[in-house]
Structures are given as structure tokens and as C-alpha cells.
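Going line by line, the protein sequences match chains A and B. Note that our numbering has the first sequence beginning at 1, numbered continuously upward. Note that our numbering has the second sequence beginning at 389, numbered continuously upward. Note sheet for the following structure.
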Amino acid sequence: MTAHSDSNDDVATLEEALPLEALPLDAWHRARGARMVGFAGYHMPIHYDGIMAEHSWTREYAGLFDVSHMGQIGFSGDGVDEALEMLLPSDIKGLKPGRQRYSMLLDQDGGILDDLMVARPADGAFDGAAIYMVVNGATKYDDMAWMIEHLPDEVVMNHMDEQALLALQGPEAGEAMAALVPGTAALTFMQCGAFDWNGVALWISRSGYTGEDGFEISLPADAAEAFADALCALPQVKPIGLGARDSLRLEAGLPLYGHDLTPAVSTIGADLGFAIGKRRRAEGGFIGHGRVMKELADGPGTKRVGLKIAGRLPAREGAQIFVGDNLVGEVTSGGFAPSLGAPIAMGWVSLPHSALDTALEIDVRGKRISATVTPMPFVPHRYRRAAA
Amino acid sequence: MSRYFTEEHEWIDVEGEIATVGITDFAQEQLGDIVFVELPVEGATFDKGDDAAVVESVKAASDVYAPISGEVVEANGALEDEPALVNSDAEEDGWFFKLRITDMSELEGLMTEAAYKTFVAAL
């Protein structure tokens, strides 16, 4: 028996050749029976009880994810906002203290180098950072090299590699987090702030990668075990591995960098135009702006779409998508959706075949299976949004 | 009836000229939640080592090889409706397919249960 595809493979082949590093919670995961795998250059837990059980637990209660492999970066110095607006298509100047925004790094051709979160701590609230950024683990060193190259000398970039990063996700995440850190109850989706837990400084945002309500918590690595223990001592919280993180985000329609997003694809094609501020579209002044404007006007050549799959056979990453004999696209993420009890996929198809309800066929090991372009998310988001 | 094992984590029950093939409990444990099993059709013939079935877990698809040469006489239809049978009962009700054995001498290269246990313990 041999695995011939694994959606959790890292894309960074160079990193795969290097020895894996241990994250702050390594021993904690192993003590909880995690099966560890190599991901983004680190030993990481793929699952504890099983992907299906962990997936369902997160949709029903609250799951704790260790995402300490991700890159946490602080920016400070004169002209931070102006400098970051050169690198990011999003409105940074308009980002208020205590707010977070989804954004991405684009190359000169408008290709996506990474997707990321960018936040503005209130003055002095988080390690002196004027702007705090979280980028993907597998791309963090490339991202930092790119930013060093493009940022002016006055802007100081601080890789916060002494910080762990946890995510608490699920409909009971709010209740669980408030039990330890009561002040977090006031946060709504994409708000963030500094909090204290038993003298430990926490930076918490109400955000995540599962489609559920929840939080992402940055904290000193040496406090991570105690905080994870305190969360998992609550009846509604269990640790959840990377396997369920992937199935949860796929159901939520959220793209995975290195798979659904690459330097070969664009923001507009990826249906991520919401990340580009209105002012930024009009004014430009960021790397990759030409591609964004051209595709807003003429449409992208290919689009990221959701695919509902007939039957039970999952279509995985790399499976080709056809209309009749014509190759029209490729699956970039695919698997079984535990919450739906059916296979789903995300893929890129040429624009004429990307409209909702378009009937497509996917080749899975020589067999054609029927698929339909379907709206995402596959499972509705349940974010705790601010009242309008 | 004798039970044999392979290094690819399959078990083979032999009764007369018919071999029943499945994956081991160790294999299902490694794969995690199984969501789909693609089985061979009746009448298909395999040489030892051919791809015979595919088992899809939540995270990946894996090939199952024909552990010996033969012709498929039956596939376990129960797995179509309930692929999780492979998780709950890998070495009995979760069998994959039955082969009419072409070459009985191929059985000699397979492991006994004791040998397989030793093999797994060393992994």
C-alpha cells in the first residue's frame, strides 16, 4: 500500500531536504498522542483522535490548533504605512488600531507570493510593532527576503520567532476564551488587541481558518504549554491537528497557499479582490497593480472556483478538469468534506467555464466524475461580526 | 484456512484456490478515516504487484496491490455503502476482494502472522 497523493505535502522542496525543526509545543503534542508529520520544515501534529472526529469536534465545540510554524513579523519605524502600501494591495493607512485585514504579497506580474493577515496594534500594545503581520510557514523566509529587498531602510522588520501562535476555533471558542481571558468577549471578527493571562502577554485577534468563530493567539513560546493546558482543561476544548485544519478550511472555501494560490495566479482570478481597498484600486502604487487593474477591466484568464463532486470518490489536487475533450482546469485542493459527507474540491478553470452551475468533468485515475461549479463557502461561515 | 501477510500491509486468507484480500488493522490505523474504496470489477485479472484497488482516506489516496496473481471473483460491495468498515473491521468484514489464485507457489513468498507482527514492530 502506497500513498500516491497527499494534500498536506509541503510545496517548499528545499525545506523538505533540510532536517525538521521542533516547535514550542512539540513535546505537548506527542504527550497527547499526536501523529507527527513534516510540514513547512517543522514536526507538526497531523491528528490525535482522527481527522473526522477532530473536524466534527471543531464544528460543534472548540478546537485548539498549534500554528506556530507561521511567520509572525512586526514592523516599525518612520513611514511604515507608506512602505507597506507599496508591498500590499490593501488599505494600510485606513487600518484602525485594533483591526486586522486579509492581504497578500504580489510580485511584479501580480502573481501571489503569499497570503497573510496584517494588523495594527494600538500604540505600544504589542512589542513596539506599528504593524503586525502573520504569513504562511512554508513561505516566511522568502517573504521576509522579498520585503527586506523592497522596504526602505527606515522601516524595521522584526521576525518574532520567540512567539508561539495558537488558534482556538469553533462555536464554543468565544465562551472558552472568555473563561481564561474575559476581555476577549468584546472582540468581533477581525478585531484584535493585547490581553493578559496570569501575567503572560497575549496578542489576540478574532479570526481563523476554519469558517467558525474563534481566535488566533500570539504568546511567548515559553508560556505556550501552560496556556494550551489551561484551554484544554476546559470541557469544550480539544487539540486538533493539521489534517482537520485542512478539511475545515476547504469546507470554508478558504484557499491554501502553495496549492490554491501560487505565483502563477492573480488576486482577481483567485476571487480575493475584496482584499484590495477601493482607494488602492484607484490610486495604485503597489507592486502588481497593473495586473489587478487589467483583470478588473477585462476579467482574469482563469478563476478559482468551488466544485461539488457527484458520488463519493474524492478528486484530489492535480486532477484535471474537462469539458468534453477540452482540458479547462485543474483541482488545486480536494478531499472529503466531513461536515457534508461528500467530496468537495477547489480548482482553477478557464473563465468561460467558471460560472456557477457549470457542469464539468474531473479525471480521477482515468475515470471521469461529474462536478458542478458551486458557491463557496461549502459550509456557511459563522464569524462573530460586529452589529451593523 | 491460512492467513498470509505482505510488506504492503495486506492480509490474504486462502481457502482452496480462492484468496480473500484486505488491508491490515495497522494499515487502516495509519490511513485514518476511510471515505471511499475503489474496488476491482469481477473478472479482472492481475499479476502480482498490479494496482488492484484504491483506498481514499480523508487526507490521501493510496494504492492497494494484488498480493498474488489471480482473477477477481468477487468485490466487497458493502464497502461502497460503508467504507468506514475498513476502519472498524479491517481484517474481517472490511475485506476488499476475492481472487482465484493463478499460481499457488506465489504464496510461499508471503509472511505469516508472526512474521508480519515482527515486521510491523520494527517500523
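Cβ atoms here follow ideal geometry from the backbone N, Cα and C, with glycine treated the same way.
Hey, how far is the Cα of L242 (chain A) from the Cα of G208 (chain A)? Using only the alpha carbons, I get a separation of about 14 angstroms.
Taking the alpha carbon of G183 (chain A) as the reference point, which residue from A:V237, A:Y48 and A:F215 has its own alpha carbon closest? Per the Cα distances, A:F215.
How close, in whole Å, do the beta carbons of V373 (chain A) and T358 (chain A) come, if the pair is a contact with beta carbons under 8 angstroms? Contact between V373 (chain A) and T358 (chain A) holds, with the beta-carbon distance rounding to 4 angstroms and staying under 8 angstroms.
Are three or more beta carbon pairs between the stretch 193 to 201 of chain A and the stretch 155 to 175 of chain A nearer than 8 angstroms? Contact between the stretch 193 to 201 of chain A and the stretch 155 to 175 of chain A is absent, because fewer than three Cβ pairs lie under 8 angstroms.
Between the C-alpha atoms of M499 (chain B) and E395 (chain B), what's the straight-line distance to the nearest angstrom? Each residue's Cα considered, the two are about 8 angstroms apart.
Among B:F414, B:K486, B:L419 and B:V442, the one whose alpha carbon lies nearest that of E459 (chain B): In terms of Cα proximity to E459 (chain B), the closest of B:F414, B:K486, B:L419 and B:V442 is B:K486.
Measure the alpha-carbon distance for P255 (chain A) versus K238 (chain A) and round it to whole angstroms. When only Cα atoms are considered, P255 (chain A) and K238 (chain A) end up about 25 angstroms apart.
Hey, would you say I400 (chain B) sits closer than 9 angstroms to V443 (chain B), going by beta carbons? Not closer than 9 angstroms, so no.
For P235 (chain A), the three-state DSSP class (helix, strand or coil): Coil at P235 (chain A), not helix or strand.
For A230 (chain A) versus L180 (chain A), is the C-beta spacing smaller than 9 angstroms? Result yes, Cβ atoms of A230 (chain A) and L180 (chain A) sit closer than 9 angstroms.
What residue ranges within the stretch 318 to 384 of chain A form continuous beta strand (DSSP E) runs of no fewer than 3 residues, ordered along the chain? List check, beta strand (DSSP E) in window: 320 to 323, 326 to 337, 342 to 350, 359 to 364 and 367 to 374.
Report the neighbours of P314 (chain A) on chain B: residues whose CB is nearer than 8 angstroms to its CB, in chain order. The contact set of P314 (chain A) on chain B, defined by CB atoms closer than 8 angstroms, consists of V423, F424, E444 and A449 in chain order.
Where the alpha helix (DSSP H) through M160 (chain A) begins and ends: For M160 (chain A), no alpha helix (DSSP H) encloses it, and the DSSP letter there is neither H nor E.
If you measure from the beta carbon of G437 (chain B) to each beta carbon in chain A, is any gap under 9 angstroms? For G437 (chain B), the closest Cβ of chain A is not nearer than 9 angstroms.
Ranges of the alpha helix (DSSP H) found wholly within the stretch 224 to 302 of chain A, counting only runs of at least 4: For secondary structure counted as the alpha helix (DSSP H) over 4 or more consecutive residues, the stretch 224 to 302 of chain A holds these complete runs in sequence order: 224 to 232, 242 to 251, 278 to 283 and 289 to 298.
Beta-carbon proximity of S339 (chain A) to S56 (chain A), cut-off 9 angstroms: For S339 (chain A) and S56 (chain A), yes; Cβs fall inside 9 angstroms.
Excluding the 5 residues preceding and the 5 following I51 (chain A) in the sequence, name in chain order all residues of the same chain whose CB lies nearer than 8 angstroms to its CB. The beta carbon of I51 (chain A) lies closer than 8 angstroms to those of G241, G243, A244, S247 and P338 in the same chain, with the five residues before and after it left out.
Proximity winner among A:P352, A:M293 and A:E85, relative to L327 (chain A) (alpha-carbon distances): The shortest C-alpha separation from L327 (chain A) is found at A:P352.
Output yes or no for whether 9 angstroms exceeds the beta carbon distance between D109 (chain A) and G288 (chain A). In this structure, D109 (chain A) places its C-beta atom within 9 angstroms of the C-beta atom of G288 (chain A).
Chain-ordered residues of the stretch 230 to 250 of chain A with a beta carbon less than 7 angstroms from chain B: Listed in sequence order: G243 and S247.
Using a Cβ-Cβ distance cut-off of 9 angstroms, determine whether G404 (chain B) contacts chain A. It does not; no Cβ of chain A falls within 9 angstroms.
On the criterion of 16 or more Cβ atoms from any shown chain inside 10 Å, does V452 (chain B) qualify as buried, or is it exposed? By the 10 Å Cβ count, V452 (chain B) comes out buried.
Tell me where the alpha helix (DSSP H) around A509 (chain B) begins and ends. Looking at the DSSP string, the run of the alpha helix (DSSP H) that includes A509 (chain B) is E501 to A509.
Mind checking who K140 (chain A) pairs with in its DSSP beta bridge? Paired residues: none, contrary to the question.
Using a C-beta to C-beta distance shorter than 7 angstroms, which residues of chain B count as neighbours of I51 (chain A)? Per Cβ cutoff of 7 angstroms: G420, D421, V446 and K447.
Three-way DSSP call (helix, strand, coil) for D222 (chain A) in this model: Three-state DSSP puts D222 (chain A) in a helix.
Whole angstroms are fine: how far does the CA of G497 (chain B) sit from the CA of T210 (chain A)? In a straight line, the C-alpha of T210 (chain A) is about 48 angstroms away from that of G497 (chain B).
Residue interval of the beta strand (DSSP E) (run including I73 (chain A)): Residues G71 to S76.
Following the continuous beta strand (DSSP E) through Q416 (chain B), name the residue where it begins and the one where it ends. Per DSSP, Q416 (chain B) belongs to no beta strand (DSSP E); it is in the alpha helix (DSSP H), D413 to L419.
Anyone know if the C-beta pair for L88 (chain A) and R120 (chain A) falls short of 9 angstroms? Result no, Cβ atoms of L88 (chain A) and R120 (chain A) do not sit closer than 9 angstroms.
Check this for me: beta carbons of R280 (chain A) and D115 (chain A), under 9 angstroms apart or not? Here R280 (chain A) is not near D115 (chain A), since their CB atoms are 9 angstroms or more apart.
Chain A within 9 angstroms of P471 (chain B), Cβ atoms only: Using beta-carbon distances, P471 (chain B) counts as an interface residue toward chain A, with a partner under 9 angstroms.
Determine whether the Cβ of G38 (chain A) lies closer than 9 angstroms to any Cβ atom of chain B. It does not: the Cβ of G38 (chain A) has no partner Cβ on chain B nearer than 9 angstroms.
Runs of beta strand (DSSP E) lying entirely within the stretch 401 to 475 of chain B, each at least 3 residues, in chain order: Counting whole runs of 3 or more residues, the stretch 401 to 475 of chain B contains the beta strand (DSSP E) stretches 406 to 411, 422 to 426, 439 to 445, 448 to 453 and 458 to 463.
DSSP three-state call for P390 (chain A): helix, strand or coil? Outside the shown range of chain A, which is 1 to 388, sits residue 390 (chain A), and nothing can be said about it.
For G497 (chain B), the three-state DSSP class (helix, strand or coil): In this structure, G497 (chain B) counts as helix in the three-state DSSP scheme.
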